[in-house]
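According to our numbering, the sequence shown is numbered sequentially starting from 8. Just so you know, even glycine gets a beta-carbon here, dropped at the ideal spot from N, CA and C. Read through the structure below, which is laid out as structure tokens, and then see the notes.
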Amino acid sequence: MPPWIPRLILLVFLAGLGFILALGIVRVLRGFLVLLLVSFFLSTALEPGVAYLAKRGWRRGAATGVLFLLVFVVGGTFLAMMVPLIVDQTAKLIDRAPGYLDQISEWLSTIGIEFSGDRLGEAFTTLEGDVEGFATDIAGRVFGVGTALLNSVFQLLTIALFTFYLTADGPRLRRTLLSVLRPDAQREMIRILDIAVEKTGGYFYSRTLLAGLASLVTWAVLSVIGVPFALPLGVWVGTLSQFVPVVGTYLGGVLPVLIALLESPGKAIAVIVFIVLYQQVENYLIGPRVTAQTMSLHPAIAFGSAIVGASLLGAPGALMALPAAATLQAVVSTYIERHQVIAEPPPLEAPEPVEPA
């Protein structure tokens with residue numbers, strides 16, 4: 008046996024053992040690694056704003072704190088507007104449900120379908136009893152609910168803490184990590200990090216700009232139509248349409264359509280028409296101009312990236328998928344040389360049949 012074969016076997020064994028060990032560590036620390044990845048993504052998104060303030064004499068810690076405060080104020084205002092809206096409209100829906108059932112019964116009877124509102128009312132009563140039983144069961148598990156709530160709060164605080172330090176101490180951390188690389192590798196890594204910051208920051212910049220515009224337009228149109236709570240609904244539609252990939256516009260449009268339906272079917276139809284028209288205007292006129300210099304992705308790539316991100320990390324993965332795909336696309340286009348496609352060759356002619364001798 009050649010002397011190098013035992014060494015090769017030992018090397019393969021150690022490599023496999025190391026891979027299995029690394030995979031086990033990743034599985035154990037998966038939750039922590041996801042929090043760290045989300046924090047890195049958020050710090051990369053905040054980096055352009057912090058760098059802008061730092062160039063004007065702000066300390067990075069103070070600049071990061073101001074941006075954090077701005078994000079919390081905007082998020083708190085959004086929740087303060089949406090909670091009363093949801094409570095009020097839910098109460099109205101419950102109050103008007105019997106009338107809607109009668110209207111549905113009358114409409115179905117006109118097309119030959121027998122529908123008993125009383126039977127559906129009994130079904131709702133049964134469902135109400137099931138819901139009450141479920142609520143009682145949940146109340147009996149209040150300790151588990153409280154533990155889950157505390158765990159969620161802890162995760163949010165962990166993300167906020169990591170994001171703050173990754174942003175405030177970003178340059179020092181980058182220097183520490185780059186110091187273990189050779190100078191040529193450092194230059195390439197700095198280039199990749201700059202692309203990631205540009206694309207992620209550009210993603211949030213363009214999405215925020217489009218969300219603000221969509222919120223204002225939706226608020227104005229809903230006010231003209233006469234839909235109640237036009238301002239919070241406008242903010243709701245604008246936020247979901249821009250920060251939920253692919254289907255955000257239609258998910259955000261469900262709530263204003265339902266609230267308009269509580270007023271009249273005509274208002275609901277008007278809201279549907281507006282949402283469809285505005286989506287087309289944004290996709291073909293407004294969106295390309297805003298994202299041309301920040302993050303331009305083919306819709307198919309964006310859709311596929313969102314599906315992959317959601318499959319891997321759930322909702323955070325879907326949110327991070329688009330800027331990650333844009334960064335990967337920019338890195339690939341930077342390091343891969345493209346060539347002009349040659350003219351297509353002429354089509355092959357079918358061979359002439361050979362006559363039998």
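Check: Around the C-beta of residue 101, are 16 or more other C-beta atoms found within 10 angstroms, so that it is buried, or is it exposed?; Outcome: exposed
Check: Would you identify the three-state DSSP class for residue 254, choosing helix, strand or coil?; Outcome: coil
Check: Which first and last residues belong to the alpha helix (DSSP H) in which residue 276 is found?; Outcome: 272–288
Check: Measure how close the beta-carbons of residue 234 and residue 270 come, nearest whole angstrom, since I'm counting them as under 8 Å.; Outcome: 7 Å
Check: For the pair the stretch 76–91 and the stretch 200–214, tell me if three or more CB-CB distances fall below 8 Å.; Outcome: no
Check: For residue 49, which residues of its own chain have a beta-carbon under 6 Å away from its beta-carbon, when the five flanking residues on both sides are left out?; Outcome: 170
Check: Are the CB atoms of residue 242 and residue 260 nearer to each other than 8 Å?; Outcome: no
Check: Could you tell me the distance, in whole angstroms, from the CA atom of residue 334 to the CA atom of residue 181?; Outcome: 18 Å
Check: Against chain D, with Cβ distances strictly below 8 Å, would residue 295 count as a contact?; Outcome: The structure shown contains no chain D, having only a single protein chain.
Check: Please classify residue 210: is it buried, with 16 or more other beta-carbons within 10 angstroms of its beta-carbon, or exposed?; Outcome: buried
Check: Looking at the secondary structure, which residues open and close the alpha helix (DSSP H) in which residue 191 lies?; Outcome: 190–232
Check: Quick one: Cα of residue 67 to Cα of residue 78, how far?; Outcome: 16 Å
Check: Quick one: what does DSSP say residue 239 is sitting in, helix, strand or coil?; Outcome: helix
Check: Count the other CB atoms, across all protein chains shown, that sit within 10 Å of the CB of residue 153; report buried if there are 16 or more and exposed otherwise.; Outcome: exposed
Check: Find out if the Cβ-Cβ distance for the pair residue 174, residue 53 is shorter than 8 Å.; Outcome: yes
Check: Between 336, 247 and 248, which lies nearest to residue 207 when the distance is taken from Cα to Cα?; Outcome: 336
Check: Note down the Cα distance separating residue 322 from residue 40, rounded to an integer number of angstroms.; Outcome: 15 Å
Check: Spatial neighbours of residue 202 within its chain, please: CB distance less than 8 Å, with the 5 preceding and 5 following residues excluded, ordered by chain position.; Outcome: 334, 337, 338 and 341
Check: I think residue 312 touches residue 329, with their Cβ atoms under 8 Å apart; what is that distance to the nearest whole Å?; Outcome: 6 Å
Check: Given this structure, state the Cα-to-Cα distance separating residue 204 from residue 58, to the nearest angstrom.; Outcome: 11 Å
Check: Let's test the definition: count the other Cβ atoms within 10 Å of the Cβ of residue 318 and tell me whether it reaches 16, buried, or not, exposed.; Outcome: exposed
Check: Give the DSSP-derived three-state secondary structure of residue 60 in the structure shown.; Outcome: helix
Check: For residue 289, count neighbouring C-beta atoms within 10 Å of its own C-beta (all shown protein chains included) and say buried if the count is 16 or more, exposed if not.; Outcome: buried
Check: Would you call residue 20 buried or exposed, if buried means 16 or more other Cβ atoms sit within 10 Å of its Cβ?; Outcome: exposed
Check: Could you check what DSSP says for residue 187 in three-state terms: helix, strand or coil?; Outcome: coil
Check: Mind checking which residues open and close the alpha helix (DSSP H) that includes residue 10?; Outcome: Residue 10 -> no alpha helix (DSSP H), and no H or E assigned at all.
Check: When burial is assigned at 16 or more other CB atoms within 10 Å of the CB, is residue 190 buried or exposed?; Outcome: exposed
Check: Measure the alpha-carbon distance for residue 200 versus residue 184 and round it to whole angstroms.; Outcome: 12 Å
Check: If you run the structure through DSSP and keep just helix, strand and coil, what is residue 34?; Outcome: helix
Check: Rounding to the nearest angstrom, what Cα-Cα distance links residue 294 and residue 281 in this structure?; Outcome: 17 Å
Check: Just how far apart, CA to CA, sit residue 264 and residue 275?; Outcome: 5 Å
Check: Among 161, 250, 177 and 155, which one has its Cα closest to the Cα of residue 47?; Outcome: 177
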